[in-house]
Amino acid sequence: MSDNLDTLMTLMGQKLDKNQNNDNNLTKQELIVIQNKNFKYENLDQEIANFLKKKQYEIFNIFHNTYTEIGRILKEAQEKLRGSNQYNGLFYKWFTSMGFKKDKVYSLISRYELLVENSDKQSIIKNLPLSLSYEISKKSCPTNLKMEVLNGKIKTLKEFKSRHQQNNNNKNNTKIQLKKEDIIKLIELLLQKLENIKKIDLDQINNKKEFLIILQEIKQKIKNIKKIT
Numbered sequence: 001m002s003d004n005l006d007t008l009m010t011l012m013g014q015k016l017d018k019n020q021n022n023d024n025n026l027t028k029q030e031l032i033v034i035q036n037k038n039f040k041y042e043n044l045d046q047e048i049a050n051f052l053k054k055k056q057y058e059i060f061n062i063f064h065n066t067y068t069e070i071g072r073i074l075k076e077a078q079e080k081l082r083g084s085n086q087y088n089g090l091f092y093k094w095f096t097s098m099g100f101k102k103d104k105v106y107s108l109i110s111r112y113e114l115l116v117e118n119s120d121k122q123s124i125i126k127n128l129p130l131s132l133s134y135e136i137s138k139k140s141c142p143t144n145l146k147m148e149v150l151n152g153k154i155k156t157l158k159e160f161k162s163r164h165q166q167n168n169n170n171k172n173n174t175k176i177q178l179k180k181e182d183i184i185k186l187i188e189l190l191l192q193k194l195e196n197i198k199k200i201d202l203d204q205i206n207n208k209k210e211f212l213i214i215l216q217e218i219k220q221k222i223k224n225i226k227k228i229t
């Protein structure tokens, strides 16, 4: 796990009301950051290395299980208060009163929904870096990238962002290629229209009408080319 794991209240907000009878009695929460700064387990004897790895896993597991449980609780509260009724806006007031931030609340809810929707992948999701699990729980996350994460092909947020950027670049290149093809087709149509004009006998009234129609079509094609470019 390469992500920082802050204490839950640091993640959600900076302060918590610890005394409901005294609005001014607010206290900053102690900030605890757990990091894996490339700790060199290989420098330890095997028994101690395995022991510490196990304890590290237990700590991370406690944090991730806590995030999951809070996501579940927030989801249940959201569902209970959902809709245009007498509780409109109450959910937001409720979680902000506890120091929770809106973006983190909805990230935790989305992560919980992801776990529910992928019951066979829960172990994988729970062991992902928290920031990465938030990314793949977003509705905007491309399905192919989400599956690459769940199948173990993408393991870090850095890898995810790199693949996401690569996908966007590929889409842009495809759009550019399509534009070129559209322009070529329109130019070919214009050339064909010009050839047709050469064949028109303007001495005939009907042909004059036909000439005006072709000119109008050419004008429209030129407008289309301008839109593409």
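In the numbering used here, the protein residues as written are 1 to 229. Positions of the beta carbon are idealized from the N, C-alpha and C atoms, including for glycine.
For residue i, report the span of its alpha helix (DSSP H) as first-last.
i: L81; result: 46-81
i: S140; result: Looking at the DSSP string, S140 is not in any alpha helix (DSSP H), and its letter there is neither H nor E.
i: S110; result: 102-117
i: T96; result: 90-97
i: S123; result: 122-126
On a CA-only basis, which of the options is nearest residue i? Give me that one, please.
i: T143; options: H164, I125, T156; result: H164
i: A77; options: F63, I62, Y106; result: Y106
i: L191; options: M147, I218, W94; result: I218
i: L186; options: N170, Q220, D103; result: Q220
i: E159; options: K146, N170, L44; result: K146
Assuming the contact rule is C-beta atoms closer than 8 Å, residue i and residue j should be a hit. Round their C-beta distance to whole Å, please.
i: S137; j: L114; result: 4 Å
i: S109; j: N118; result: Rather than Ser, the amino acid found at residue 109 in this sequence is Ile. So it is not a contact: roughly 15 Å between Cβ atoms.
i: L74; j: K121; result: With a Cβ gap of about 21 Å, L74 and K121 do not count as contacting.
i: Y41; j: K53; result: 6 Å
i: F91; j: L81; result: 4 Å
Please classify residue i as buried or exposed, where buried requires at least 16 neighbouring CB atoms within 10 angstroms.
i: R111; result: buried
i: G89; result: exposed
i: E58; result: exposed
i: I154; result: buried
i: Y134; result: buried
i: L157; result: buried
i: G152; result: exposed
i: G233; result: This structure does not reach residue 233, given that the chain is present from 1 up to 229, and the question cannot be answered.
i: F39; result: exposed
i: F51; result: exposed
i: L31; result: The pLDDT assigned to L31 is 33, lower than 50, so where the model puts this residue is not dependable, and the model offers no usable value.
i: N21; result: Low per-residue confidence applies at N21: pLDDT is 40, beneath 50, and the placement is therefore not dependable enough to give any value.
i: Q14; result: Because Q14 sits at a pLDDT of 40, beneath the cut-off of 50, its placement in the model cannot be relied upon, and the point is left open.
Requested in this report: Tell me, please, whether the segment 66-86 touches the segment 113-133 by the rule of three or more beta-carbon pairs shorter than 8 Å.
Outcome: Taking a cut-off of 8 Å on C-beta distances, the segment 66-86 touches the segment 113-133, as three or more cross pairs fall below it.
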